[in-house]
Every structure is written in C-alpha cells, then in structure tokens.
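Residue numbers (this note's numbering): 463 to 551. First comes the structure, then the notes that go with it.
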Amino acid sequence: MAPGPSVLTAASDNPGRHRHRVEWARLLARVFQIDVTVCPACGGTMKIIAALTDGASVRRYLAGVGLPSRAPPIALARIDRQLEFDDAA
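Here it is, written out as structure tokens:
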C-alpha cells in the first residue's frame with residue numbers, strides 16, 4: 463500500500479488559495495473604490511509584499527511616512543440650522 467499525498471502537497475496544489483487573494487482585492491475595490499492591484503502613479507501591476515498587523519510596526523511605518531498614528535478627535539455635534547426655520551412658520 464503506497465502512502466497518500468502529503469498534507470503540504472495537497473495544500474500547495476489547491477487552486478482556491480490563489481483565488482482567495484484575488485477575491486480580497488476585488489472586495490477592497492468594491493467597498494473602497496480602489497484597486498490595490500494597480501499602481502496609482504503609473505497604472506502598473508502591484509504586488510502585496512507585507513501586511514502590518516502589530517501596533518508598534520504600524521505606528522513606526524506611519525511615523526516614517528509622515529502620517530499620524532492616532533485617529534483625529536471626535537468633533538462635537540452641531541445643531542441642524544434648518545430646525546431654526548421650523549418655528550418661523
């Protein structure tokens with residue numbers, strides 16, 4: 463009796479794995495109207511090389527490119543000026 467295919471071989475031959483990455487890019491394009499696979503400067507094909515998930519790494523990257531690492535403060539609510547005209551009638 464010959465041994466069956468290894469789990470590693472079966473996982474690497476799975477064509478659905480590559481398709482999942484394309485679906486992720488399409489989802490971003492649909493939700494945010496940006497295509498992460500196309501360079502905004504030249505229109506060439508881009509390849510994702512990393513995904514930052516560690517908070518310290520994200521803050522270090524954002525500081526390096528000159529962007530804030532904290533969200534802007536929440537603005538106070540403003541009154542709807544249209545309501546002032548409702549009493550005039």
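Positions of the beta carbon are idealized from the N, C-alpha and C atoms, including for glycine. On a predicted model such as this, the values are computed, not experimentally measured, just so you know.
Check                                                                 : Outcome
Through-space distance from Y523 to I496, alpha-carbon basis          : 21 angstroms
Pairwise C-alpha distance: L490 and L545                              : 38 angstroms
Beta carbon of T499 nearer than 8 angstroms to that of T507           : yes
DSSP three-state assignment for V500, whether helix, strand or coil   : strand
A487 versus I510, A537 and V520, residue with shortest Cα-Cα distance : I510
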